[in-house]
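Here is the structure we will look at.
If you want it as structure tokens, here you go:
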């Protein structure tokens, strides 16, 4: 009995090409292998730099969505989905954002985070169904795919656009056809991998850099930092409580005891303690100023100074 072969797709992407700089990598010493991989990795930041204008567009769309009470969604498969899940999870403790601000959708579900789920990424209908009940008009949906063609991701983006969401795609394939439903395309060209087709390498590194920059810039624009300090972080353990005190000391130049007292009076709220110390107002005034300015420390400081003047 003949076996019908599964569908085969040939991807035209730089990531699938053989890298002329690493054709002898299997003959190298351990140090040589690591040096060759490191040399390839150093090419990634420049590739990301070339798409900063497109990343900025995505940041502005995400910021607009969150300011309007909507959400940001990540959609990916394989390495892309795992990196997206990691980024979304880390935003909660880092910036103390509500857990539903950033939602990660991974082809194959939670099981696929730890092991490959056969054909999950090839199911466009599953991608559409994934966002059908969770994406709302006004949300922003960012897909991630090394190949630029992952059906699960493109199916999700098509469905999201039909629901009135903003859409973006991080693609590792500048040769891929641009999907019609996109608001912004971030097509980063990291070139051939050290091991041909292993997109967990440079393509994955580029996605990690882009996601970190995208989400961090969004948080900065939403006032979740003061200067370059994580003033919105949630102190959930001893290390983070120590970091909270250090941040307050660095931001104000005041003693550990003064900062500790201010934190205690603010019931651990770093932003309130910061505004209180920098403006020399009582805790209640500082808290009201922050509430009136959507949690932006600089805006709250300006409003307190205006009223004081």
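Numbering (the numbering used here), first residue to last: 321 to 629. Ideal Cβ placement from N, Cα and C applies to all residues, glycine included.
Could you tell me which residues DSSP pairs with residue 422 in its beta bridges? Numbered from its first residue, the chain shown carries residue 422 at position 102. Partner(s): 392.
For the region 533–587, list the alpha helix (DSSP H) runs that are entirely contained and at least 4 residues long, ordered along the chain. 558–572 and 576–585
How many Å lie between residue 479 and residue 420 at the Cα? Walking along the chain shown from the start, residue 479 turns up at place 159. Walking along the chain shown from the start, residue 420 turns up at place 100. If I take the Cα positions, the gap works out to 20 angstroms.
Would you identify the three-state DSSP class for residue 490, choosing helix, strand or coil? Residue mapping note: residue 490 aligns to position 170 of the chain shown, counting from 1. Three-state result, residue 490: strand.
Residues near residue 514 by beta carbon distance below 7 angstroms, same chain, minus five either side: What you label residue 514 is simply residue 194 of the chain shown in a count that begins at 1. The answer, listed in chain order, is 339, 342, 345, 356, 357, 360 and 521.
Taking buried to mean at least 16 other C-beta atoms within 10 Å of its own C-beta, is residue 452 buried or exposed? Numbered from 1 along the chain shown, position 132 holds the residue referred to as residue 452. Result: exposed.
So the candidates are 624, 411 and 509; which of them puts its Cα closest to the Cα of residue 422? Here residue 422 refers to the residue found at position 102 when the chain shown is read from its first residue. Nearest option by C-alpha distance: 411.
Pairing CB atoms from the region 603–620 with CB atoms from the region 537–547, are three or more of them under 8 angstroms? yes
Could you work out which residue in 491, 484, 458 and 459 is closest to residue 474 when comparing CA atoms only? By one-based count along the chain shown, residue 474 stands at place 154. Comparing Cα-Cα distances from residue 474 to each of 491, 484, 458 and 459, the minimum goes to 491.
DSSP has residue 460 in a bridge; who is on the other side? Walking along the chain shown from the start, residue 460 turns up at place 140. Bridge partners of residue 460: 392 and 486.
Going by Cα to Cα distance, which pick from 506, 369, 469 and 502 is closest to residue 331? Position 11 of the chain shown, counted from the first residue, corresponds to residue 331. The shortest Cα separation from residue 331 among 506, 369, 469 and 502 belongs to 469.
Return the chain-ordered ranges of every beta strand (DSSP E) run that is complete within the region 352–396 and spans a minimum of 3 residues. 392–396
For residue 556, does the count of other Cβ atoms within 10 angstroms reach 16, so buried, or fall short, so exposed? To locate residue 556, count along the chain shown from 1; it is residue 236. Its Cβ having fewer than 16 others within 10 Å, residue 556 is exposed.
Cβ-based neighbour list, residue 529, same chain, cut-off 6 angstroms, excluding 5 preceding and 5 following: Numbered from its first residue, the chain shown carries residue 529 at position 209. Closer than 6 angstroms at Cβ, skipping near neighbours: 368.
Could you say if the region 496–505 and the region 525–543 meet the contact criterion of at least three C-beta pairs nearer than 8 angstroms? no
Mapping DSSP to helix, strand and coil, what is residue 507? Locating residue 507 in the chain shown gives position 187, where the first residue counts as 1. Strand, per DSSP.
Can you list, in chain order, the residues of its chain with a C-beta nearer than 7 angstroms to that of residue 623? Leave out the 5 residues immediately preceding and following it. If you number the chain shown from 1, residue 623 lands on position 303. Cβ neighbours of residue 623 beyond the five flanking positions: 609, 612 and 613.
Where does the unbroken alpha helix (DSSP H) through residue 450 begin, and where does it stop? As a working mapping, residue 450 is identified with position 130 in the chain shown. Its alpha helix (DSSP H) spans residues 444–452.
Assuming residue 488 and residue 406 form a contact by the criterion Cβ under 8 angstroms, report the distance between their Cβ atoms to the nearest whole angstrom. On the chain shown, position 168 is the one that residue 488 refers to. On the chain shown, position 86 is the one that residue 406 refers to. Going by Cβ atoms, the distance from residue 488 to residue 406 rounds to 18 angstroms, so no, they are not a contact pair.
Alpha carbon to alpha carbon, what distance is there between residue 353 and residue 575? Position 255 of the chain shown, counting from 1, holds the residue named residue 575. Position 33 of the chain shown, counting from 1, holds the residue named residue 353. Straight-line Cα distance between these residues: approximately 50 angstroms.
In three-state terms, what does DSSP make of residue 592? Along the chain shown, one-based indexing puts residue 592 at 272. Reduced to three states, the DSSP call for residue 592 is helix.
Should residue 481 go down as buried or exposed, given a rule of 16 or more other Cβ atoms within 10 Å for buried? On the chain shown, residue 481 is found 161 positions in, with the first residue counted as 1. Counting Cβ neighbours within 10 Å, residue 481 comes out buried, since at least 16 surround it.
Could you tell me the distance, in whole angstroms, from the CA atom of residue 388 to the CA atom of residue 512? Looking up residue 388 in the chain shown gives position 68. Looking up residue 512 in the chain shown gives position 192. The alpha-carbon atoms of residue 388 and residue 512 are separated by roughly 40 angstroms.
Kindly indicate the opening and closing residues of the alpha helix (DSSP H) around residue 404. To locate residue 404, count along the chain shown from 1; it is residue 84. 399–415 is the extent of the alpha helix (DSSP H) around residue 404.
Please state whether DSSP places residue 349 in a helix, a strand or coil. As a first step, residue 349 is located in the chain shown; it is residue number 29 there, counting from the start. Residue 349: coil per DSSP, three-state reduction.
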